[in-house]
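Down below is the structure, laid out as structure tokens.
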Amino acid sequence: GNSYIYVCIYADLCTHMCIYMWKNKHKRTARKTLKTVCNENSLFKSLSRYLICGKDPELRGSMLLESNPYRIPLIDQVVQTALSETQDPKEVSVTVKAFKTADLPNELIELLEKIVLDNSVFSEHRNLQNLLILTAIKADRTCDMEYINHLDNYDAPDIANVAISNELFEEAFAIFQKFDVTTSAVQVLIEHTGNLDRAYEFAEYCNEPVVWSQLAKAQLQKGMVKKAIDSYIKADDPSSYMEVVQAANTSGNWEELVKYLQMARKKAQESCVETELIFALAKTNYLAELEEFINGPNNAHIHQVGDCCYDEKMYGAAKLLYNNVSNFGCLASTLVHLGEYQASVDGARKANSTQTWKEVCFACVDGKEFHLAQMCGFHIAVRTDELEELINYYQLITMLEAALGLERAHMGMFTELAILYSKFKPQKMREHLELFWSRVNIPKALRAAEQAHLWAELVFLYDKYEEYDNAIITMMNHPTDAWKEGQFKDIITKVANVELYYRAIQFYLEFKPLLLNNLLMVLSPRLDHTRAVNYFSKVEQLPLVKPYLCSVQNHNNKSVNESLNNLFITEEDYQALRTSIDAYDNFDSISLAQCLEKHELIELRRIAAYLFKGNNQLCKVDTDAMQYASESKDTELAEELLQWFSQEKKRECFGACLFTCYDLLRPDVVLETAWRNNIMDFAMPYFIQVMKDYLTEVDKLDASESLRKEEQATETQPIVYGNFSVTSKNSLDEYLIL
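Numbering-wise (this note's numbering), the sequence shown opens with residue 182 and increments by one.
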């Protein structure tokens with residue numbers, strides 16, 4: 182305790198003495214007292230020297246605390262006096278570290294300025310320069326650009342990156358520019374400031390290819406295609422040609438693209454570059470340069486470029502390209518768009534492709550070059566699958582007519598020509614069909630003829646196609662155009678539907694009644710005659726078809742017979758009627774007889790009696806009735822007829838009947854009838870004849886009996902023949918045998 186008291190007294194007395202001596206003796210135990218003494222007596226200079234050269238970091242830290250009211254004058258002395266006097270890097274380092282620890286950026290900057298900028302031995306110290314600039318950046322000092330320009334020995338890339346991270350882009354650019362890191366410098370202008378104009382000026386200033394490349398890439402991304410291509414050319418950089426080509430295609434900067442690709446081809450003769458160069462020349466219509474290029478050595482995909490030019494309707498360029506690769510098919514297609522039709526036909530001939538022929542043909546049609554179109558059409562028409570499309574587009578009849586003679590002419594050509602005739606020259610269709618019907622697709626021709634209302638041709642095709650039913654229906658539906666008698670009669674016999682026979686009969690009855698019998702004669706082997714007669718009877722046209730009825734009467738059909746008989750009665754043709762009923766017996770004779778028995782014409786009444794006779798019945802009229810009654814050999818019928826004459830007061834007929842039916846009548850019945858009707862006078866001749874006949878018969882019987890008796894008497898006497906005697910017929914037979 183006493184020792185400490187003595188030390189304090191001693192220190193107080195030596196305040197104005199050399200501070201160093203005191204400090205060396207009492208630094209451990211009197212730190213607080215020293216701090217107090219220096220602060221109260223403004224010994225900041227001495228204290229600053231002690232802090233710099235001393236080894237007491239704790240004291241340094243406490244003196245730099247914000248709570249120390251004497252911190253500012255102390256720092257001033259450190260900066261102005263103490264630090265400038267030292268030559269020890271370690272002391273400088275410790276001091277700087279203390280300021281950093283105390284978080285005194287402004288004071289640290291001031292300190293570092295004193296060290297670095299005042300041409301001290303530490304002016305070129307890299308770390309100190311780095312620290313000065315970094316501290317200024319972090320402290321947001323405006324003098325950092327001055328430090329950047331003034332100082333030369335610092336880590337430029339690292340410090341520039343720190344400046345960028347602190348959004349000090351101008352400072353970063355200045356650092357890169359000062360140290361000739363041009364790529365990073367222009368990158369700052371492009372990516373951080375976004376000022377491409379300054380970047381362009383900087384690129385012009387440094388004129389380095391890599392800088393131009395970076396600028397070009399940025400310009401390309403911003404859509405500044407023309408400037409970007411110019412920058413790439415200055416950079417002599419073909420590496421990004423794909424992006425450049427794509428951008429130029431989008432923006433349409435073809436002339437600039439040509440320049441760029443010409444530069445790129447000098448650097449690297451790749452097929453892609455040359456291909457794009459050809460297309461760019463085509464887009465700019467530099468056809469002379471294009472032709473010169475493709476005629477020289479190259480690795481370009483010329484055919485591919487030709488297709489692109491064709492698709493974009495650059496036919497002049499496409500012509501050069503296709504001709505260069507000898508693609509005559511595409512060349513022909515291109516030439517037709519250029520209006521060079523003759524050359525396109527020559528190209529199609531070399532290509533010998535159906536598709537090419539077709540395209541050139543259609544183009545010639547559109548261009549009204551019909552002669553050339555016909556030449557092309559010959560090569561298409563011979564192909565069945567292409568003919569229909571050709572016809573739909575190019576309906577040239579003369580071409581097909583000429584093509585029919587070709588060796589490869591096929592069914593489709595004949596068919597399509599028939600269709601064209603139906604549309605445009607209907608008068609020639611029939612002749613064509615008659616010549617080539619076997620080589621025509623008949624179903625297609627049928628549709629065409631029907632659509633064109635060519636009914637006669639339609640019937641012809643139906644006939645050849647063996648659709649006879651449709652042919653007949655067509656003729657009946659369109660008789661004015663389609664009906665021909667000979668053809669109709671020929672086809673009607675081939676139809677499958679029997680009902681068409683009767684439709685045809687009705688059609689003829691309405692359309693050609695005078696020719697009906699001709700049709701019926703043809704159909705007679707196939708007709709149901711009963712049905713036909715019923716139809717004609719219904720429509721009251723039996724007289725019209727009398728020839729048909731006569732021709733089929735040999736079938737002895739009842740309906741036919743009765744119809745004809747009725748016609749004969751109507752016509753009072755008794756001879757034909759008598760012939761008919763004698764030849765054909767299949768009819769109702771009783772009905773016919775009843776119909777005729779009261780007819781006013783006597784010949785027909787006789788036929789009625791004839792019919793009754795044929796059915797064992799008599800007619801009660803006139804002499805013929807008596808004759809038929811006599812021939813019937815029926816006693817009852819004869820007596821009934823006699824009774825009828827007596828009742829009808831036909832006395833003369835009564836008398837005549839007695840003799841006509843003489844053998845059938847019984848005299849007692851005749852006597853009674855005559856007596857009852859008071860006509861004995863008319864009966865007397867009959868009775869006289871009866872008496873005579875009876876007496877004659879009696880005399881004959883008497884004579885016959887006498888003769889018989891005589892014969893019997895002679896048969897009993899023997900007959901002598903030599904030594905034999907024959908008493909009977911049997912004996913005579915025996916004699917003859919011997």
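Positions of the beta carbon are idealized from the N, C-alpha and C atoms, including for glycine.
Is it the case that the segment 719-731 contacts the segment 696-703, given that we only count it when at least three CB pairs across the two stretches are under 8 Å?
yes
In three-state DSSP terms, what is residue 860?
Along the sequence shown, one-based indexing puts residue 860 at 679. Residue 860 falls in the coil class under three-state DSSP.
Residue 915, DSSP secondary structure in three states:
Along the sequence shown, one-based indexing puts residue 915 at 734. Since pLDDT at residue 915 reaches only 45, below the 50 mark, its modelled position is unreliable, and the value read off the structure follows with that caveat. In the three-state DSSP reduction, residue 915 falls in the helix class (H, G or I).
Excluding the five sequence neighbours on either side, which residues of its own chain have a C-beta within less than 6 Å of the C-beta of residue 595, listed in chain order?
The count along the sequence shown starts at 1 and reaches residue 595 at position 414. A distance below 6 Å between beta-carbons, with the five flanking residues on each side excluded, links residue 595 to the following residues of its chain, in chain order: 617, 620 and 621.
If you drop the 5 nearest sequence neighbours on each side, which residues of the same chain put their C-beta closer than 8 Å to that of residue 670?
Along the sequence shown, one-based indexing puts residue 670 at 489. Beyond the five residues adjoining it in sequence on each side, residue 670 comes within less than 8 Å, by CB distance, of 699, 700 and 703 in the same chain, given in chain order.
From residue 552 to residue 587, what distance separates their C-alpha atoms?
The sequence position of residue 552 within the sequence shown is 371, counting from 1. The sequence position of residue 587 within the sequence shown is 406, counting from 1. Taking C-alpha positions only, residue 552 is separated from residue 587 by approximately 18 Å.
For residue 652, which residues from the same chain have a beta carbon less than 6 Å from its beta carbon, with the 5 sequence-adjacent residues on both sides left out?
Along the sequence shown, one-based indexing puts residue 652 at 471. Contacts found: 640, 643, 644 and 672.
Are there 16 or more other CB atoms within 10 angstroms of the CB of residue 685, so buried, or fewer, so exposed?
Counting from 1 along the sequence shown, the entry for residue 685 is found at position 504. In this structure residue 685 is buried. Its beta-carbon is surrounded by 16 or more other beta-carbon atoms within 10 angstroms.
By how many angstroms is the C-alpha of residue 339 removed from the C-alpha of residue 206?
To locate residue 206, count along the sequence shown from 1; it is residue 25. To locate residue 339, count along the sequence shown from 1; it is residue 158. Because the pLDDT of residue 206 is 47, which lies under 50, any placement of that residue in the model is unreliable, and the number read from its coordinates should be weighed accordingly. Distance between the alpha carbons of residue 206 and residue 339: 47 Å.
Residue 184 classed as buried or exposed, judged by whether at least 16 other C-beta atoms fall within 10 angstroms:
Position 3 of the sequence shown, counted from the start, is the residue given in the question as residue 184. Note that residue 184 scores a pLDDT of 44, beneath 50, so its modelled location is shaky; the value from the coordinates is reported in the next line. Burial call: exposed.
Tell me which residues share the same chain as residue 756 and place their Cβ nearer than 7 Å to its Cβ, disregarding the 5 neighbours each side in the sequence.
By 1-based counting over the sequence shown, the position of residue 756 is 575. Correct list: empty, nothing qualifies.
To the nearest angstrom, report how far apart residue 498 and residue 475 are at their CA atoms.
Start at 1 with the first residue of the sequence shown, and residue 498 comes out as number 317. Start at 1 with the first residue of the sequence shown, and residue 475 comes out as number 294. Those two C-alpha atoms are separated by around 11 Å.
Express the C-alpha separation of residue 787 and residue 742 in angstroms, rounding to a whole number.
As a working note, residue 742 is residue 561 in the sequence shown. As a working note, residue 787 is residue 606 in the sequence shown. Cα to Cα, residue 742 sits roughly 19 Å from residue 787.
Give me, in chain order, the residues of the same chain whose beta-carbon lies closer than 7 Å to that of residue 354; leave out the 5 immediate sequence neighbours on both sides.
Residue numbering aside, residue 354 sits at position 173 when the sequence shown is read from its first letter. So the qualifying residues of the chain are 366, 369 and 370.
Does DSSP classify residue 832 as helix, strand or coil?
Along the sequence shown, read from residue 1 onward, the residue named residue 832 stands at position 651. Helix.
Does the separation of the CB atoms of residue 838 and residue 872 fall below 8 Å?
As a position in the sequence shown, residue 838 is number 657, starting the count at 1. As a position in the sequence shown, residue 872 is number 691, starting the count at 1. Not a contact, by the Cβ cut-off of 8 Å.
DSSP state of residue 665, grouped into three classes?
Taking the sequence shown and counting its residues from 1, the one referred to as residue 665 is at position 484. Coil.
Does the beta-carbon distance from residue 782 to residue 753 come in below 8 Å?
Stepping through the sequence shown from its first residue, residue 782 is reached at position 601. Stepping through the sequence shown from its first residue, residue 753 is reached at position 572. In this structure, residue 753 lies closer than 8 Å to residue 782 by Cβ.
Select from 746, 415 and 776 the residue whose C-alpha is nearest the C-alpha of residue 765.
In the sequence shown, the residue the question calls residue 765 occupies position 584. Looking at the Cα atoms, 746 is the closest of the given residues.
If you drop the 5 nearest sequence neighbours on each side, which residues of the same chain put their C-beta closer than 8 Å to that of residue 548?
For the purposes of this step, residue 548 is identified with residue 367 of the sequence shown, where counting begins at 1. Once the five neighbours on either side are set aside, the close Cβ partners of residue 548 are 517, 520 and 522.
Nearest to residue 391 by alpha carbon, out of 413, 648 and 832?
Stepping through the sequence shown from its first residue, residue 391 is reached at position 210. The residue with the shortest Cα to Cα distance from residue 391 is 413.
Among 479, 450, 453 and 430, which residue has its Cα nearest to the Cα of residue 465?
By one-based count along the sequence shown, residue 465 stands at place 284. Selected option, being the one with the closest Cα: 430.
Contiguous alpha helix (DSSP H) assignments of at least 4 residues, all confined to the segment 701-787
710-719, 727-733, 739-752, 755-764 and 770-777
My output table needs one value for residue 635: the three-state DSSP class, helix, strand or coil.
Numbered from its first residue, the sequence shown carries residue 635 at position 454. Reduced to three states, the DSSP call for residue 635 is coil.
For residue 715, is the classification buried or exposed, using 16 other Cβ atoms within 10 angstroms of its Cβ as the cut-off for buried?
In the sequence shown, counting from the first residue as 1, residue 715 sits at position 534. Classification of residue 715: exposed, given that the 10 Å Cβ count is below 16.
Taking the CB atoms as reference points, tell me whether residue 546 and residue 529 lie closer together than 8 Å.
Locating residue 546 in the sequence shown gives position 365, counting from the first residue. Locating residue 529 in the sequence shown gives position 348, counting from the first residue. Contact: no.
Do residue 774 and residue 785 come within 8 Å of each other at the CB atom, strictly closer than that value?
The residue you call residue 785 lines up with position 604 of the sequence shown. The residue you call residue 774 lines up with position 593 of the sequence shown. Cβ atoms of residue 785 and residue 774: not closer than 8 Å.
By Cβ distance below 7 Å, which residues in the same chain neighbour residue 759 in space, the five residues on each side in sequence not counted?
Here residue 759 corresponds to residue number 578 of the sequence shown, with the count starting at 1. Counting only Cβ-Cβ distances below 7 Å, and skipping sequence neighbours, we find 788.
For the alpha helix (DSSP H) that residue 548 lies in, which residues bound it at each end?
Locating residue 548 in the sequence shown gives position 367, counting from the first residue. Secondary structure note for residue 548: it is in no alpha helix (DSSP H), with a DSSP letter that is neither H nor E.
Would you tell me roughly how many angstroms separate the C-alpha atoms of residue 883 and residue 867, rounded to the nearest one?
Start at 1 with the first residue of the sequence shown, and residue 883 comes out as number 702. Start at 1 with the first residue of the sequence shown, and residue 867 comes out as number 686. The alpha-carbon atoms of residue 883 and residue 867 are separated by roughly 24 Å.
Tell me the DSSP secondary structure of residue 842 in three-state form.
As a first step, residue 842 must be located in the sequence shown, where it is residue number 661. The answer is coil: DSSP assigns residue 842 none of H, G, I, E or B.
Would you identify the three-state DSSP class for residue 465, choosing helix, strand or coil?
By one-based count along the sequence shown, residue 465 stands at place 284. Reduced to three states, the DSSP call for residue 465 is coil.
With burial defined as no fewer than 16 other Cβ atoms inside 10 Å of the residue's Cβ, what is the status of residue 710: buried or exposed?
Counting from 1 along the sequence shown, the entry for residue 710 is found at position 529. Classification of residue 710: buried, given that the 10 Å Cβ count is 16 or more.
Buried or exposed by the 16-neighbour rule on C-beta atoms within 10 Å, applied to residue 677:
The residue you call residue 677 lines up with position 496 of the sequence shown. It counts as exposed.
Backbone secondary structure at residue 429 - three-state DSSP
Within the sequence shown, numbered from 1, the residue matching residue 429 stands at position 248. In this structure, residue 429 counts as helix in the three-state DSSP scheme.
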